[in-house]
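What follows is one structure encoded as structure tokens, with my remarks underneath.
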Amino acid sequence: MTIGIWILGDRLTTKQLSLSNNQSNKQQIPVIFIESSEYVKQHPYHRQKLVLVWSAMRHFAAELEADNWKVTYKIAADFATPLQDWLATNNITELQITTPCDRPFHNLIQSLDLNCEIKFLADNHFLWSKEEFITWANSRKRLLMEDFYREGRKRFNILMDGKKPLGGKWNYDKDNRKPPKKNLSTPSPLTFEPDAITQEVIDWIKQEKFSDYGRIEPFNWAVTRQQAQQVLTYFVQECLPQFGTYQDAMVTGEYTMWHSLISPYLNLGLLEPREIIDAVETAYYQRELPLNSVEGFIRQVMGWREYMHGIYHFQDENYSQSNWFEHHQPLPEFFGDASKTDMNCLHQTLTQVEETAYGHHIQRLMVLGNFALIAGISPQEIENWFHSAFIDAYDWVMQTNVIGMGQFADGGVLASKPYAASANYINKMSDYCGNCHYNKSDRTGDRACPFNFFYWDFLHRHHERLKSLGRMNLVLSHLKRISENEFGEISSLARKWWKNQQIS
Ligand code: SF4
1 MTIGIWILGD
11 RLTTKQLSLS
21 NNQSNKQQIP
31 VIFIESSEYV
41 KQHPYHRQKL
51 VLVWSAMRHF
61 AAELEADNWK
71 VTYKIAADFA
81 TPLQDWLATN
91 NITELQITTP
101 CDRPFHNLIQ
111 SLDLNCEIKF
121 LADNHFLWSK
131 EEFITWANSR
141 KRLLMEDFYR
151 EGRKRFNILM
161 DGKKPLGGKW
171 NYDKDNRKPP
181 KKNLSTPSPL
191 TFEPDAITQE
201 VIDWIKQEKF
211 SDYGRIEPFN
221 WAVTRQQAQQ
231 VLTYFVQECL
241 PQFGTYQDAM
251 VTGEYTMWHS
261 LISPYLNLGL
271 LEPREIIDAV
281 ETAYYQRELP
291 LNSVEGFIRQ
301 VMGWREYMHG
311 IYHFQDENYS
321 QSNWFEHHQP
331 LPEFFGDASK
341 TDMNCLHQTL
351 TQVEETAYGH
361 HIQRLMVLGN
371 FALIAGISPQ
381 EIENWFHSAF
391 IDAYDWVMQT
401 NVIGMGQFAD
411 GGVLASKPYA
421 ASANYINKMS
431 DYCGNCHYNK
441 SDRTGDRACP
451 FNFFYWDFLH
461 RHHERLKSLG
471 RMNLVLSHLK
481 RISENEFGEI
491 SSLARKWWKN
501 QQIS
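Take 1 as the starting number for the sequence shown in our numbering and just add one per residue.
Encoded structure:
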């Protein structure tokens with residue numbers, strides 16, 4: 001039997017089993033990387049995302065080669081042609097691959113007609129394996145992220161004081177929702193100049209026009225494990241102490257604030273979840289950092305990320321087509337060109353995404369996702385956009401994050417109520433409304449904020465359905481304060497808004 005290893009673009013780590021199991025034989029084991037131009041054309045990916053993935057792949061391939069692995073790097077239209085050639089040239093009888101996290105890609109590999117056995121090895125890039133999560137989920141009457149997170153804290157002994165959570169509480173989220181103050185002094189993000197490999201990828205993407213979405217330069221992301229480790233160290237040193245307090249705040253021109261910016265590297269395999277958690281927990285003990293910041297951050301990695309991954313595999317393939325509210329509106333053109341909206345919150349957030357392929361969790365959930373939900377955009381269209389636009393987005397994380405959490409399209413598998421909000425929330429948590437064409441307080445009239453008329457229209461038109469969710473009762477009781485006449489105006493504004501939209 002001759003083994004060959006195919007390294008996938010989102011598993012750039014020597015810790016994956018195909019590499020770690022064969023380490024002692026590395027000089028004899030062929031390893032292949034493939035960039036497929038046909039595959040990336042399936043989505044209108046942000047151009048910086050393409051640069052990141054391909055540059056990180058090329059750097060990782062060079063590192064393996066320098067470590068004496070027998071590396072082949074192919075740039076091709078499809079995956080099958082270079083694979084077949086390489087299998088034949090090297091007489092490979094068993095192709096080892098880390099089981100792809102994304103279901104569509106797993107299906108694609110299984111559909112390839114290859115003249116050898118394909119052996120999928122367990123993906124060890126999460127704290128919980130798929131099987132462990134499924135066992136946990138099957139033992140529960142309800143699936144709550146908070147329950148799962150607490151189980152993880154105990155299981156991996158993180159921020160624990162014996163059997164109790166450190167500080168006496170599991171969750172310090174209440175301390176992590178401070179609105180922005182004026183003149184916040186935020187740290188600059190750590191940036192990296194493109195080296196020759198990255199510049200070559202940038203030029204290639206420009207030349208081949210794989211996508212026209214998003215600004216390609218300046219490109220300042222890390223592309224190697226060593227650089228990603230620097231980003232982690234910088235975050236722990238400079239940003240973590242303040243991270244919690246303002247993690248939900250949004251400020252014009254402040255793209256990163258105290259956010260870690262490590263999710264692109266974590267999802268590519270350049271960083272491991274456990275090393276991130278350990279670095280943050282160690283800093284807590286060594287520097288007596290605020291527990292709300294440390295716990296809030298660890299919850300994102302150990303709770304939220306693991307939970308999204310687990311639910312994705314716990315649900316079947318049909319989950320991606322969920323549409324509980326039966327929303328079918330198309331994606332407005334401004335999602336592809338931020339200059340085409342005069343709603344300042346959307347304009348600021350979409351401009352930032354165009355420039356950097358990044359937005360933090362509240363910009364994603366409460367500006368972009370919230371707007372799509374209350375305006376009635378198809379969950380599949382908005383999920384496709386998120387997947388394409390964000391630098392850290394993959395199928396496994398976007399299905400659950402957008403379809404489940406942002407759009408509540410799964411009817412409550414993942415969240416206990418929809419994340420729907422009017423301008424009130426955006427005004428409280430940002431400075432966007434002060435510079436907007438619309439009036440944040442109006443739900444009717446010429447300057448009514450679309451977040452207001454869409455919010456009330458959403459509650460009104462889905463009233464019956466929402467009544468089945470206990471946590472919505474208080475919100476729904478506010479509907480009584482609005483007359484039927486006003487609902488008529490609200491609904492007519494919502495219809496008029498859609499009539500005036502250009503569709504992307
Ligand atoms: Fe957004 Fe409305 Fe505020 Fe304008 S007024 S920034 S549209 S929430």
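Glycine included, each C-beta is placed from N, C-alpha and C at the ideal position.
query	result
Leaving out five residues before and five after LEU493 in sequence, what residues of the same chain have Cβ atoms less than 7 Å from its Cβ?	THR444, ALA448 and PHE453
Run the CB neighbour count on LYS440, radius 10 Å, all protein chains shown included, and call it buried at 16 or more, exposed below.	buried
Pick out every residue whose C-beta is nearer than 5 Å to a heavy atom of ligand 1: which are they, in chain order?	MET343, ASN344, CYS345, ALA423, ILE426, TYR432, CYS433, CYS436, TYR438, LYS440, CYS449 and PHE451
Buried or exposed: where does PRO189 fall if 16 or more other Cβ atoms within 10 Å of its Cβ makes it buried?	buried
Would you check if the region 209 to 219 and the region 32 to 51 touch, i.e. whether three or more CB-CB distances between them fall below 8 Å?	yes
Residues in the same chain with beta-carbon distance under 6 Å from VAL367, minus the five sequence neighbours each way, listed in chain order, please.	CYS345 and THR349
Taking Cβ positions only, does ARG364 come closer than 7 Å to chain B?	This model lacks chain B altogether, as it is built from one protein chain only.
With distances taken Cα to Cα, identify the nearest neighbour of LYS15 among PRO44, LEU64, PHE210 and THR2.	LEU64
Of the choices ARG11, GLY404, VAL71 and SER468, whose alpha-carbon is the least far from that of GLY4?	VAL71
What's the gap between the Cα of HIS437 and the Cα of TYR312?	40 Å
If you measure between the beta carbons of SER388 and PRO44, is that distance less than 7 Å?	yes
Would you mind listing the alpha helix (DSSP H) stretches within the region 228 to 271 that are 4+ residues and don't spill past its ends, in chain order?	240 to 243 and 263 to 268
Out of ILE202, ASP337 and PHE451, state which residue places its alpha-carbon closest to the alpha-carbon of ALA421.	PHE451
For TRP6 versus ILE97, is the C-beta spacing smaller than 7 Å?	yes
Am I right that MET145 and TYR307 are in contact with their C-beta atoms under 8 Å? What's the rounded C-beta distance?	5 Å
Leaving out five residues on either side along the sequence, give the residues of the same chain with a beta carbon under 6 Å from the beta carbon of THR273.	The sequence given here has Pro at residue 273, not Thr. Once the five neighbours on either side are set aside, the close Cβ partners of PRO273 are LEU127 and VAL301.
Would you identify the three-state DSSP class for GLY336, choosing helix, strand or coil?	coil
Does the beta-carbon of ILE298 have 16 or more other beta-carbons within 10 angstroms, so that it is buried, or is it exposed?	buried
Taking ALA372 as the reference, which of GLY359, ILE362 and GLN329 has the closest Cα?	GLN329
Using 8 Å for Cβ pairs, my map puts GLN407 next to ILE382. What's the rounded Cβ distance?	7 Å
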